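Engineer: What follows is a single structure, and I will ask about it in a moment.
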Amino acid sequence: MPEPRLRARRVEGGTSRSGVLARWPGVNSLPFDPIATCHGATVLRVVRAVLGPTADSEDAWAETYLAALRAWPDLEHDRNVEGWLVTIAHRKAIDVVRRRSRRAVPVGDAPERPGADGIPEPADTQVWSALEALPPKQRQCVAYHHVAGLPHAEVAVLVGGTEAAARKASSDGIRRLRTTLEGHQNE
Amino acid sequence: MNDSTATILRERLLSGPGVPAHLVDRLARSAAADDLHDLVHRTVDSPVGPLLLAATPVGLVRVAFEVEDHESVLADLARRISPRVVPAGPLLDDVARQVDAWFDGDRHDFAVDLDWQLSVGFRRTVLRRLRDLTWGETASYGEVAARADRPRAARAVGTACATNPIPIVVPCHRVVRADGSAGEYRGGRAAKRWLLAHETGDRDDVPGADPGH
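Going line by line, the protein sequences match chains A and B.
The opening position of the first sequence corresponds to residue 30 in my numbering, with each subsequent residue numbered one higher.
The opening position of the second sequence corresponds to residue 3 in my numbering, with each subsequent residue numbered one higher.
This is the structure:
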């Protein structure tokens, strides 16, 4: 492992402070776009899976990416970028749910349908509305494991509880989704 | 739980549209509002191929041709300027419109703030002087050296032009060889010939305007 000071001297054209710092070991110097933004569609699906395809999910996406941009230069270089983004998205989705519950009015109606607020409908409406009908914990575990691709252990860190519980919630969620979708087919 | 069912469901969950443009615009706007837009970028189509435009809050810092590989240009800018590289959304619309108009021949110069941080010393002096060369005008490397009070520095002028970070807007294509031939260019010789012909109005006389050749 070379001494940091020696590394910093090798900077080409590095007159700017940020240029020097960017080459210090462990400090991220990769471009946010496209390295982080290429996961944008996955992050959007994750927040849609958790919050439903409403304007709330767009708020959560926008807040996730802004927070990620702020923290980006300090991200450890060996960190899994998509997993990191999903972790931020999870927190932002919680923030949005809290805000939503503060301003909530009790409704007996069906939840907002895809396409409300001019948001493009996900291609596969059936699976998304089936997902919306899952209990929150199952929905989160399905979103983080099956949509974001996080291992059950990391899902457990996000949603709380044990790895086994996260695995079970995820598989219960999928089973329920399958039953719902099979019901649609038989209609 | 059956694995193949999970796979099929997962595929259904992963299909669907990408990030809509209005969300990208929103990210660009809020990055600018929070001073996190260290480097914004977009591409514009042009007759000499897609051009990458990159700007800092100071001004336009880089214009890159396709032959330079836009992705590696962005990686280089991230190392040299800041890793906070953001899609421009609407932030470079004005610059892009000016570039379009320039290629259409509707405007002959640019009203764009420039960030010179990628060129230093004599190179920067030379490049700043190039803005005195107006549309349709050319000068030899030696003439530009003389104008920069270094009459024997024709070769250094050549280097300054070859490393011009903001080509087209800083018109290094107007610097040609003493014998009048176009000479080398960051975007390729064919692109330089196209640009020169575009300004003199005999563009049709240039065969193979494709910059790749």
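Here a beta-carbon is modelled for each residue, glycine too, at the ideal position from N, C-alpha and C.
Here the structure is a predicted model, which means the values were calculated and not measured.
So is PRO180 (chain A) in contact with chain B if we call contact Cβ pairs under 8 Å?
Structural biologist: Judged by the 8 Å Cβ criterion, PRO180 (chain A) is not in contact with chain B.
Engineer: Are the C-beta of ARG126 (chain B) and some C-beta of chain A separated by less than 8 Å?
Structural biologist: So, not an interface residue.
Engineer: Assuming ALA90 (chain B) contacts ARG44 (chain B) under a Cβ cut-off of 8 Å, what Cβ separation, rounded to an integer in Å, is found between them?
Structural biologist: Going by Cβ atoms, the distance from ALA90 (chain B) to ARG44 (chain B) rounds to 4 Å, so yes, they are a contact pair.
Engineer: What does the Cβ neighbour count give for SER17 (chain B), buried or exposed, with the cut at 16 atoms within 10 Å?
Structural biologist: SER17 (chain B) comes out exposed.
Engineer: Does any CB atom of chain A fall closer than 8 Å to the CB of VAL97 (chain B)?
Structural biologist: No, VAL97 (chain B) does not count as interfacial toward chain A.
Engineer: For THR127 (chain B), which residues in the same chain have their Cβ closer than 6 Å to its Cβ, ignoring the five residues on either side in sequence?
Structural biologist: ALA150, listed in sequence order.
Engineer: Quick one: give me the first and last residue of the alpha helix (DSSP H) that ALA150 (chain B) is part of.
Structural biologist: Taken as a continuous stretch (DSSP letters only), ALA150 (chain B) belongs to no alpha helix (DSSP H), as it is neither H nor E.
Engineer: With HIS43 (chain B) as the anchor, note down where its alpha helix (DSSP H) starts and where it stops.
Structural biologist: Looking at the DSSP string, HIS43 (chain B) is not in any alpha helix (DSSP H); the run it does join, the beta strand (DSSP E), is 41-46.
Engineer: So what's PRO63 (chain A) in DSSP terms, helix, strand or just coil?
Structural biologist: DSSP places PRO63 (chain A) in helix when its eight states are reduced to three.
Engineer: My assumption, with CB atoms under 8 Å, is that VAL101 (chain B) sits in contact with SER48 (chain B). Please give the rounded CB distance.
Structural biologist: Indeed, because the Cβ distance is near 7 Å, the residues count as touching under 8 Å.
Engineer: What does a CB cutoff of less than 7 Å around VAL136 (chain A) pick up in its chain, not counting 5 residues either side in sequence?
Structural biologist: Because VAL136 (chain A) sits at a pLDDT of 47, beneath the cut-off of 50, its placement in the model cannot be relied upon, and the point is left open.
Engineer: What does a CB cutoff of less than 6 Å around GLU111 (chain A) pick up in its chain, not counting 5 residues either side in sequence?
Structural biologist: Correct list, in chain order: HIS68.
Engineer: Report the option in B:GLY138, B:CYS163 and B:LEU41 whose CA atom is closest to the CA atom of GLY203 (chain B).
Structural biologist: Closest option to GLY203 (chain B), Cα to Cα, is B:GLY138.
Engineer: Would you call the segment 89-109 of chain A and the segment 186-193 of chain A in contact, with 3 or more CB pairs under 8 Å?
Structural biologist: With a cut-off of 8 Å, the segment 186-193 of chain A and the segment 89-109 of chain A do not count as touching, because too few Cβ pairs lie within range.
Engineer: By DSSP, does LEU163 (chain A) sit in helix, in strand, or in coil?
Structural biologist: If DSSP states are grouped into helix, strand and coil, LEU163 (chain A) belongs with coil.
Engineer: What residues in the segment 70-83 of chain A have a beta carbon less than 8 Å from any beta carbon of chain B?
Structural biologist: Those residues of the segment 70-83 of chain A that come within reach of chain B (Cβ to Cβ, closer than 8 Å) are ALA70, THR71, LEU73, ARG74 and ALA78.
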